[in-house]
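Undergrad: So the protein lines, in turn, are chains A and B.
Everything in the first sequence is counted per the working numbering, starting at 14 for the first residue and increasing by one.
Everything in the second sequence is counted per the working numbering, starting at 9 for the first residue and increasing by one.
Backbone N, C-alpha and C fix where the C-beta goes; we use that ideal spot for every residue, glycine too.
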Amino acid sequence: MLGLQHRLRRREDDVVAKIMDGEVVVIDLTTGVYYSIDGAGAAIWGGIEDGLSLGEIAAALARRYQIESARAEADVLRLAAELAAEDLVVVADAAASRVAELAASADEAAQAYVEPRLTSYRDMEDLLALDPPTPGLADLRWKE
Amino acid sequence: MAHRVLVWGELFWPYVGGAELFAARLMADLAPRGYEFAVVTSHDHLDLPDEEIFRGVPVRRFPFRHALATRRVEDLMEQRQRVVAHLEAWSPQVVLLNGVASSAFFCLPAVRAAGASLLLRLNSQPVRLSGGARPRAGSLIERVLGSTDWVASASADALEQATSILPAVATRSSVVYSGVETPAESPAPPPPGPPRIVCLGRLVDDKGFDLALAAFARIAASRPAARLVLAGDGPARAALERQASALGLAAQVEFRGWVLPGEVAQVLSEASVVLMPSRTEGLPGVALESAACGRAVVASRVGGLPEIVVHGETGLLVDLEPAAIAAALEALLGEPGEAARMGLAAWRRARAVFDRARCLDAYDELLRRLAQERR
Numbered sequence: 014m015l016g017l018q019h020r021l022r023r024r025e026d027d028v029v030a031k032i033m034d035g036e037v038v039v040i041d042l043t044t045g046v047y048y049s050i051d052g053a054g055a056a057i058w059g060g061i062e063d064g065l066s067l068g069e070i071a072a073a074l075a076r077r078y079q080i081e082s083a084r085a086e087a088d089v090l091r092l093a094a095e096l097a098a099e100d101l102v103v104v105a106d107a108a109a110s111r112v113a114e115l116a117a118s119a120d121e122a123a124q125a126y127v128e129p130r131l132t133s134y135r136d137m138e139d140l141l142a143l144d145p146p147t148p149g150l151a152d153l154r155w156k157e
Numbered sequence: 009m010a011h012r013v014l015v016w017g018e019l020f021w022p023y024v025g026g027a028e029l030f031a032a033r034l035m036a037d038l039a040p041r042g043y044e045f046a047v048v049t050s051h052d053h054l055d056l057p058d059e060e061i062f063r064g065v066p067v068r069r070f071p072f073r074h075a076l077a078t079r080r081v082e083d084l085m086e087q088r089q090r091v092v093a094h095l096e097a098w099s100p101q102v103v104l105l106n107g108v109a110s111s112a113f114f115c116l117p118a119v120r121a122a123g124a125s126l127l128l129r130l131n132s133q134p135v136r137l138s139g140g141a142r143p144r145a146g147s148l149i150e151r152v153l154g155s156t157d158w159v160a161s162a163s164a165d166a167l168e169q170a171t172s173i174l175p176a177v178a179t180r181s182s183v184v185y186s187g188v189e190t191p192a193e194s195p196a197p198p199p200p201g202p203p204r205i206v207c208l209g210r211l212v213d214d215k216g217f218d219l220a221l222a223a224f225a226r227i228a229a230s231r232p233a234a235r236l237v238l239a240g241d242g243p244a245r246a247a248l249e250r251q252a253s254a255l256g257l258a259a260q261v262e263f264r265g266w267v268l269p270g271e272v273a274q275v276l277s278e279a280s281v282v283l284m285p286s287r288t289e290g291l292p293g294v295a296l297e298s299a300a301c302g303r304a305v306v307a308s309r310v311g312g313l314p315e316i317v318v319h320g321e322t323g324l325l326v327d328l329e330p331a332a333i334a335a336a337l338e339a340l341l342g343e344p345g346e347a348a349r350m351g352l353a354a355w356r357r358a359r360a361v362f363d364r365a366r367c368l369d370a371y372d373e374l375l376r377r378l379a380q381e382r383r
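(1) Counting only beta-carbon atoms, is alanine 119 of chain A nearer than 7 Å to chain B?
(2) Beta carbon of valine 294 of chain B, beta carbon of alanine 336 of chain B: below 7 Å?
(3) By alpha-carbon positions, which one of B/Ala370, B/Pro232, B/Val317, B/Pro191 ends up nearest to tyrosine 185 of chain B?
(4) Can you give me the C-alpha to C-alpha distance between aspartate 102 of chain A and arginine 23 of chain A, rounded to a whole angstrom?
(5) Please classify phenylalanine 263 of chain B: does DSSP put it in a helix, a strand, or coil?
(6) With which residues is glycine 323 of chain B paired in a DSSP beta bridge?
(7) With a CB to CB cut of under 8 Å and the five nearest residues on each side skipped, what residues in its chain are close to leucine 211 of chain B?
(8) Does the beta-carbon distance from valine 89 of chain A to histidine 19 of chain A come in below 7 Å?
(9) Can you list, in chain order, the residues of its chain with a C-beta nearer than 8 Å to that of isoleucine 227 of chain B? Leave out the 5 residues immediately preceding and following it.
(10) To the nearest angstrom, report how far apart leucine 74 of chain A and glutamate 86 of chain B are at their CA atoms.
(11) Thinking C-beta only, is arginine 349 of chain B closer than 7 Å to threonine 190 of chain B?
(12) Would you decide whether glycine 107 of chain B is buried or exposed? Buried here means 16 or more other CB atoms lie within 10 Å of its CB.
(13) Any beta carbon from chain A within less than 7 Å of leucine 95 of chain B's own beta carbon?
(14) Hey, does valine 28 of chain A have any beta-carbon neighbour from chain B nearer than 7 Å?
(15) Compare the C-alpha of cysteine 301 of chain B against each of B/Trp21, B/Leu19, B/Leu378, B/Ser277 and name the closest.
(16) Can a CB atom of chain B be found closer than 7 Å to the CB of methionine 14 of chain A?
(17) Assuming aspartate 55 of chain B is part of the beta strand (DSSP E), what are its boundary residues?
(18) Grab the span of the alpha helix (DSSP H) containing glutamate 150 of chain B for me, first residue to last.
(19) Check whether the stretch 127–140 of chain A touches the stretch 147–160 of chain B, taking contact to mean three or more Cβ pairs, one atom from each stretch, closer than 8 Å.
(20) I need the boundaries of the alpha helix (DSSP H) containing serine 298 of chain B, first residue and last residue.
(21) Measure the alpha-carbon distance for isoleucine 80 of chain A versus arginine 33 of chain B and round it to whole angstroms.
(22) Taking only three categories from DSSP, how would you classify methionine 14 of chain A?
(23) Out of B/Val261, B/Gln133, B/Glu168, state which residue places its alpha-carbon closest to the alpha-carbon of threonine 179 of chain B.
(24) Between which residues of its own chain and serine 308 of chain B is the CB-CB distance below 6 Å, once the five residues before and five after are set aside?
(25) Cβ of phenylalanine 224 of chain B versus every heavy atom of the ligand GTP: is any distance shorter than 6 Å?
(26) Kindly say whether leucine 84 of chain B, judged by its beta-carbon, lies nearer than 7 Å to any beta-carbon of chain A.
(27) Using the three-state DSSP reduction, which class does threonine 190 of chain B fall into: helix, strand or coil?
(28) Cβ closer than 9 Å: which chain A residues qualify as neighbours of alanine 77 of chain B?
(29) Write down every uninterrupted run of the alpha helix (DSSP H) in the stretch 31–105 of chain A whose length is 4 residues or greater and which is fully enclosed by it, in chain order.
(30) Determine the direct distance from the alpha carbon of serine 132 of chain B to that of glycine 17 of chain B, and round the result to whole angstroms.
(31) Answer with buried or exposed for leucine 313 of chain B, where buried requires no fewer than 16 other C-beta atoms within 10 angstroms of its C-beta.
(32) Looking at alanine 279 of chain B and valine 206 of chain B, is the spacing between their C-beta atoms short of 7 Å?
(33) Would alanine 109 of chain B count as contacting chain A if we go by Cβ distances under 7 Å?
(34) Tell me, please, whether the CB atom of methionine 172 of chain B is closer than 7 Å to any CB atom in chain A?
(35) What are the partner residues of histidine 74 of chain B, as DSSP defines its beta bridges?
(36) Would you call proline 198 of chain B buried or exposed, if buried means 16 or more other Cβ atoms sit within 10 Å of its Cβ?
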């Protein structure tokens, strides 16, 4: 069971991710499942990528959004558990504790706290397979 | 002031399919009622321009499918940013998502960023969209259904499946049949002469044309003048041609190739009976067009087909098994008068139930209401 003392890391070989405009898109290259993380989850993910412990992330979250520590800790642990359950992250080696701040985009500081949410898209491969290329269309032009 | 509606389709003209035709015709028919349309769609295997005008409607293509297929997250995010910027600039009041497909992954954040209302036209069985199994928890289909302001389902069957995935859909949905232009005069009966069984559609596994060949093989020997016409093209064509040859049917099976939208009525009118042994369907336009042409349909009991074909009245519904399909074909080919009676009944039902104007009025009402409720 994950605790605040744990540090996590992305499974670099099989999981790719990018943060943009306060949202994270994650792809598990082995399963083909896509994920998005929004709300405060983008900041949490950024803290994980920066090597912070879950407790450090929660503390930074509480400072940034002016929320109670207990709430920040609960949300961080919940998201961390979900990420681990999806095998997107693993426990990393221990490191010295520190006070850290989460990287923020320009407009994040003004935003109210939104609970982190992990959304999975398990049917992307099926959907992509539905419309295979159809031959003979190059010269077909509707005239109606 | 015109209502600004952006139609989002996985594919669009010049790709040919029921969804693509529906979108094109809907925009043409609703524009005079005070709408301004634009299209966002995905590039696919054809080499097409990023921007184009189709009958006065700006079409913008993005490499969504390629970005998803390559799984390069940088490409994904770039395309998301680009389409978000596009929607923010065009500022639609409503986005009409024409079916659930992979590009919906890019649609949802773009709709959210633009503050538009989202109307989903559900035109396929949700189970089919998930590879034949009930969509798992955490699916794009579930996410799309949860994000829509209204679901206009092309069939009661698809809506029932959608509601089973997300019960809340029941409170913000309706069945809107696609509708078909039906001539005011009753159509001529099937032409006399050698029987012609017509299968029309993309040559893909879902359409079950391999079953059509297997069924035809059971009656071809006793009906040497009969012809089976496979009108369409697709990735399954080579396999179907091999199957026809292996069954000794090469002389009696015609692979017609692509049928332009303007040719559909002619092709169907030449049929003695239309055969649709589909493994999965939404509300197929071919069944509607067949009814409009006064042709009886032998069809599988899947998707929305039973909502169009009334067994024993406007056609025959059969199990997906060559012997059953063959028996149904024999029943109609052996009784041309019965086939003509059913075709006439199909035409009457098309005029009563699948009136094109009713479909347009329904979409007009939905789009206006959602435009006013814009987020």
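TA: In brief:
(1) The sequence position of residue 119 of chain A within the first sequence is 106, counting from 1. Bear in mind that a pLDDT of 45 at alanine 119 of chain A, under 50, signals an unreliable position, so the number given afterwards is only what the model happens to contain. So, not an interface residue.
(2) Against the second sequence, residue 294 of chain B aligns to sequence position 286. Against the second sequence, residue 336 of chain B aligns to sequence position 328. No, the pair does not count as a contact, with Cβ atoms beyond the cut-off.
(3) Walking along the second sequence from the start, residue 185 of chain B turns up at place 177. With respect to the C-alpha of tyrosine 185 of chain B, the residue from B/Ala370, B/Pro232, B/Val317, B/Pro191 having the closest C-alpha is B/Ala370.
(4) Locating residue 102 of chain A in the first sequence gives position 89, where the first residue counts as 1. Locating residue 23 of chain A in the first sequence gives position 10, where the first residue counts as 1. Looking at the sequence shown, residue 102 of chain A is not aspartate but valine. When rounded, the distance between both Cα atoms is 4 Å.
(5) For this step, residue 263 of chain B is matched to residue 255 along the second sequence. Residue state, collapsed to three classes: strand.
(6) The sequence position of residue 323 of chain B within the second sequence is 315, counting from 1. According to DSSP, which records beta bridges pairwise, glycine 323 of chain B is partnered with B/Val305, B/His319.
(7) Walking along the second sequence from the start, residue 211 of chain B turns up at place 203. Hits under 8 Å: Phe217, Leu238, Gly240, Asp241, Gly242, Pro243, Ala244, Arg245, Leu248.
(8) The sequence position of residue 89 of chain A within the first sequence is 76, counting from 1. The sequence position of residue 19 of chain A within the first sequence is 6, counting from 1. No. Outside cutoff.
(9) Here the question's residue 227 of chain B lines up with position 219 in the second sequence. Excluding sequence neighbours, isoleucine 227 of chain B sits near Ala234, Ala334, Leu337, Glu338, Leu341.
(10) The residue you call residue 74 of chain A lines up with position 61 of the first sequence. The residue you call residue 86 of chain B lines up with position 78 of the second sequence. Leucine 74 of chain A and glutamate 86 of chain B: Cα-Cα distance of roughly 28 Å.
(11) Here residue 190 of chain B corresponds to residue number 182 of the second sequence, with the count starting at 1. Here residue 349 of chain B corresponds to residue number 341 of the second sequence, with the count starting at 1. In this structure, arginine 349 of chain B does not lie closer than 7 Å to threonine 190 of chain B by Cβ.
(12) Residue 107 of chain B sits at position 99 when you count from the first residue of the second sequence. So glycine 107 of chain B ends up on the buried side.
(13) By one-based count along the second sequence, residue 95 of chain B stands at place 87. Chain A contact via Cβ: absent.
(14) Indexing the first sequence from 1 puts residue 28 of chain A at position 15. Cβ-Cβ to chain B under 7 Å: no for valine 28 of chain A.
(15) Sequence index remark: in the second sequence, residue 301 of chain B carries index 293 (1-based). For cysteine 301 of chain B, the nearest C-alpha among the options comes from B/Ser277.
(16) The count along the first sequence starts at 1 and reaches residue 14 of chain A at position 1. No, no contact with chain B.
(17) Here residue 55 of chain B refers to the residue found at position 47 of the second sequence. Neither: aspartate 55 of chain B is in no beta strand (DSSP E) and is coded neither H nor E.
(18) Within the second sequence, numbered from 1, the residue matching residue 150 of chain B stands at position 142. 148–155 is the extent of the alpha helix (DSSP H) around glutamate 150 of chain B.
(19) yes
(20) Here residue 298 of chain B is taken as the residue at index 290 of the second sequence, counted from 1. For serine 298 of chain B, the enclosing alpha helix (DSSP H) begins and ends at 293–300.
(21) Within the first sequence, residue 80 of chain A is the residue found at index 67, counting from 1. Within the second sequence, residue 33 of chain B is the residue found at index 25, counting from 1. Whole-angstrom Cα-Cα distance: 53 Å.
(22) In the first sequence, residue 14 of chain A corresponds to position 1, counting from 1. Three-state DSSP puts methionine 14 of chain A in coil, outside helix and strand.
(23) For the purposes of this step, residue 179 of chain B is taken as residue 171 along the second sequence, with counting starting at 1. The residue with the shortest Cα to Cα distance from threonine 179 of chain B is B/Glu168.
(24) As a first step, residue 308 of chain B is located in the second sequence; it is residue number 300 there, counting from the start. The answer, listed in chain order, is Pro285, Ser286, Leu328.
(25) The ligand GTP is absent from the structure shown, which contains no ligand whatsoever.
(26) As a working note, residue 84 of chain B is residue 76 in the second sequence. So, interface residue.
(27) Along the second sequence, read from residue 1 onward, the residue named residue 190 of chain B stands at position 182. Note: threonine 190 of chain B maps to coil in three-state DSSP.
(28) Start at 1 with the first residue of the second sequence, and residue 77 of chain B comes out as number 69. What alanine 77 of chain B touches in chain A: Leu141.
(29) 54–62, 67–78, 82–98
(30) Position 9 of the second sequence, counting from 1, holds the residue named residue 17 of chain B. Position 124 of the second sequence, counting from 1, holds the residue named residue 132 of chain B. Straight-line Cα distance between these residues: approximately 13 Å.
(31) Position 305 of the second sequence, counted from the first residue, corresponds to residue 313 of chain B. Flag for leucine 313 of chain B reads buried.
(32) Your numbering for residue 206 of chain B matches position 198 in the second sequence. Your numbering for residue 279 of chain B matches position 271 in the second sequence. Yes, the Cβ-Cβ distance between valine 206 of chain B and alanine 279 of chain B is below 7 Å.
(33) Locating residue 109 of chain B in the second sequence gives position 101, where the first residue counts as 1. So, interface residue.
(34) In the second sequence, counting from the first residue as 1, residue 172 of chain B sits at position 164. Reading the sequence as shown, one finds serine at residue 172 of chain B and not methionine. Not one chain A Cβ lies under 7 Å of serine 172 of chain B.
(35) Here residue 74 of chain B refers to the residue found at position 66 of the second sequence. Its beta-bridge partners do not exist; DSSP assigns none.
(36) The residue labelled residue 198 of chain B in the question sits at position 190 within the second sequence. Buried, by the Cβ-count rule.
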